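Engineer:
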Ligand SMILES: C[S@@+](CC[C@H](N)C(=O)[O-])C[C@H]1O[C@@H](n2cnc3c(N)ncnc32)[C@H](O)[C@@H]1O
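Numbering (the numbering used here), first residue to last: 1 to 326.
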């Protein structure tokens with residue numbers, strides 16, 4: 001078994017605990033993206049990358065199975081439904097026990113877990129038929145070096161920065177998928193242009209402002225705020241397409257922007273729930289958990305002041321991509 005040990009990834013986990021700030025309770029945006037792809041995938045051995053703790057991940061798997069069954073039926077092969085084995089992948093610190101305890105009792109697949117970074121090889125060569133990943137590959141393997149370097153022009157001054165490492169992801173998957181195997185990806189994308197302008201009034205930007213406000217009040221050390229970086233990069237549509245085309249092992253079968261409907265006006269309290277569910281762990285690790293309530297109260301107030309509550313999509317658009325291993 002060969003594994004690329006040179007690539008490790010910083011674990012950046014969603015809030016897997018139960019309760020009002022859990023990822024399970026605060027991931028309806030990601031769920032909408034999954035639901036919007038229903039019927040787009042009709043084609044085993046599968047893998048769900050960046051699965052977190054559910055329930056979105058189970059909905060996605062069921063959609064894929066339904067798609068395959070429907071396709072078989074339309075081709076007159078209803079009696080030839082294959083058996084499915086699904087490998088749920090996430091970072092080793094993900095709460096896989098919780099995931100397994102909430103597996104749907106009437107599921108139509110065998111479930112296993114594979115811990116580790118999806119930027120490295122996780123499976124034997126040519127062993128997978130289908131790979132699926134939603135709202136996960138914009139999390140980088142680590143904070144890019146220039147962002148951490150205080151002398152670099154991209155050094156983070158109270159803002160959150162992003163970078164990219166799609167190449168290792170695609171190369172690892174190219175090794176693991178059988179020829180003709182499919183990979184479906186759901187990725188947030190942003191408008192072209194200067195990131196800091198686009199992210200103005202974005203929840204991450206608001207969070208950065210709140211941290212700076214707390215530093216100004218002497219509640220936080222400003223240097224700590226400056227060194228707080230999220231290993232996250234939201235590509236433009238063009239950047240993402242370019243990254244796909246650079247990899248010679250895949251053909252692009254579908255490349256579609258999803259028109260996700262906003263579920264109406266969002267109240268500021270609700271708006272702070274999603275960033276809290278996704279970032280609470282990282283913030284506690286860096287600043288200590290005692291700042292959480294005050295930080296997110298401030299976030300709620302700022303979000304209301306800035307009027308960002310009814311801005312609809314958080315990013316420019318959610319992209320659905322279906323790739324085929326050549
Ligand atoms: C926003 S959640 C998405 C969960 C689920 N797929 C959904 O659509 O709701 C992102 C997940 O990706 C996982 N993740 C981030 N980087 C990862 C990596 N390098 N390897 C494996 N999982 C990773 C995180 O731990 C987290 O559970």
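Glycine included, each C-beta is placed from N, C-alpha and C at the ideal position. Note that this is a predicted model, so its numbers are computed, not measured.
1) Within the same chain, show all residues whose beta-carbon is closer than 6 Å to that of residue 113, passing over the 5 residues directly before and after it, in chain order.
2) From residue 215 to residue 280, what does the alpha carbon distance come to, in whole angstroms?
3) What residue from 212, 236, 242 has the CA that sits closest to residue 228's CA?
4) I need the straight-line Cα distance from residue 324 to residue 317, nearest angstrom please.
5) Alpha carbons only, please: which of 247, 82, 257 is nearest the one belonging to residue 186?
6) Going by DSSP in three states, residue 143 sits in which element: helix, strand or coil?
7) Touch check for the region 135–145 and the region 59–66: three-plus C-beta pairs under 8 Å?
8) According to DSSP, is residue 247 helix, strand or coil?
9) Have a look at residue 293 and residue 236 and give me their C-alpha separation to the nearest angstrom.
10) Any chance the CB of residue 62 is under 8 Å from a heavy atom of ligand 1?
11) Quick one: is the Cβ of residue 233 within less than 8 Å of any heavy atom of ligand 1?
12) For residue 85, which three-state DSSP category applies?
13) Hey, how far is the Cα of residue 172 from the Cα of residue 121?
14) Closer than 8 Å: is that where the CB of residue 186 sits relative to any heavy atom of ligand 3?
15) In angstroms, rounded to a whole number, what distance separates the CA positions of residue 86 and residue 131?
16) So which of 307, 285, 276 has the shortest CA-CA distance to residue 297?
17) In chain order, what residues of the same chain have a beta carbon less than 6 Å from the beta carbon of residue 247, not counting five sequence neighbours either side?
18) Name the DSSP beta bridge partners of residue 187, please?
19) Which residue wins for smallest C-alpha separation from residue 177, given the options 249, 98, 244?
20) Measure from the alpha carbon of residue 55 to the alpha carbon of each residue in 92, 94, 99, then state which is nearest.
21) For residue 115, which three-state DSSP category applies?
22) With distances taken from CA atoms, which of 175, 105, 182 is nearest residue 129?
23) Within 9 Å of any Cβ in chain D, is that where the Cβ of residue 116 sits?
24) Are there 16 or more other CB atoms within 10 angstroms of the CB of residue 326, so buried, or fewer, so exposed?
25) So residue 253 packs on residue 322, CB below 8 Å; how close in whole Å?
26) If distances are taken between C-alpha atoms only, which option among 74, 134, 180, 49 comes closest to residue 115?
Structural biologist: Reading from the atomic positions:
1) Taking the chain shown and counting its residues from 1, one reaches residue 113 at position 113. For residue 113, where only same-chain residues beyond five positions count, the Cβ hits under 6 Å are 88, 96.
2) Here residue 215 refers to the residue found at position 215 when the chain shown is read from its first residue. Here residue 280 refers to the residue found at position 280 when the chain shown is read from its first residue. Distance between the alpha carbons of residue 215 and residue 280 is about 18 Å.
3) Working through the chain shown from its first residue, we reach residue 228 at position 228. The shortest CA-to-CA distance from residue 228 to any of 212, 236, 242 is the one to 212.
4) The count along the chain shown starts at 1 and reaches residue 324 at position 324. The count along the chain shown starts at 1 and reaches residue 317 at position 317. Rounded to the nearest angstrom, the two C-alpha atoms are 23 Å apart.
5) The residue you call residue 186 lines up with position 186 of the chain shown. Selected option, being the one with the closest Cα: 257.
6) Residue numbering aside, residue 143 sits at position 143 when the chain shown is read from its first letter. In the structure shown, residue 143 sits in coil (DSSP, three-state: anything other than H, G, I, E or B).
7) No contact exists between the region 135–145 and the region 59–66.
8) Mapped onto the chain shown, residue 247 falls at position 247. Three-state DSSP puts residue 247 in coil, outside helix and strand.
9) Translated into positions along the chain shown, residue 293 becomes position 293. Translated into positions along the chain shown, residue 236 becomes position 236. A straight-line Cα-Cα distance of about 33 Å links residue 293 and residue 236.
10) Mapped onto the chain shown, residue 62 falls at position 62. For residue 62, the distance from the CB to the nearest heavy atom of ligand 1 is not below 8 Å.
11) Counting from one through the chain shown, the residue named residue 233 turns up at place 233. For ligand 1, not one heavy atom lies less than 8 Å from the Cβ of residue 233.
12) Position 85 of the chain shown, counted from the first residue, corresponds to residue 85. Looking at residue 85 - three-state DSSP - the assignment turns out to be strand.
13) Indexing the chain shown from 1 puts residue 172 at position 172. Indexing the chain shown from 1 puts residue 121 at position 121. In this model, residue 172 and residue 121 are separated by some 5 Å (Cα to Cα).
14) In terms of ligand content, the structure shown lacks ligand 3 and carries ligand 1 instead.
15) Working through the chain shown from its first residue, we reach residue 86 at position 86. Working through the chain shown from its first residue, we reach residue 131 at position 131. Roughly 10 Å between the two C-alpha positions.
16) Along the chain shown, one-based indexing puts residue 297 at 297. Residue 276 is the option with its Cα nearest to residue 297.
17) Here residue 247 corresponds to residue number 247 of the chain shown, with the count starting at 1. Apart from the 5 residues on each side of it in sequence, residue 247 sits with its Cβ closer than 6 Å to the Cβ of 170 in its chain, given in chain order.
18) Within the chain shown, the letter at position 187 stands for residue 187. According to the DSSP secondary-structure assignment, residue 187 is paired through a beta bridge with 319.
19) Stepping through the chain shown from its first residue, residue 177 is reached at position 177. Residue 177 has its Cα closest to that of 249, out of 249, 98, 244.
20) For this step, residue 55 is matched to residue 55 along the chain shown. Nearest to residue 55 by alpha-carbon distance, out of 92, 94, 99, is 99.
21) As a working mapping, residue 115 is identified with position 115 in the chain shown. Three-state result, residue 115: strand.
22) To locate residue 129, count along the chain shown from 1; it is residue 129. The residue with the shortest Cα to Cα distance from residue 129 is 182.
23) In the structure shown, chain D does not exist; there is a single protein chain.
24) Here residue 326 corresponds to residue number 326 of the chain shown, with the count starting at 1. Residue 326 should be labelled exposed.
25) Start at 1 with the first residue of the chain shown, and residue 253 comes out as number 253. Start at 1 with the first residue of the chain shown, and residue 322 comes out as number 322. The pair is a contact, with the Cβ atoms about 4 Å apart (cut-off 8 Å).
26) What you label residue 115 is simply residue 115 of the chain shown in a count that begins at 1. Closest option to residue 115, Cα to Cα, is 49.
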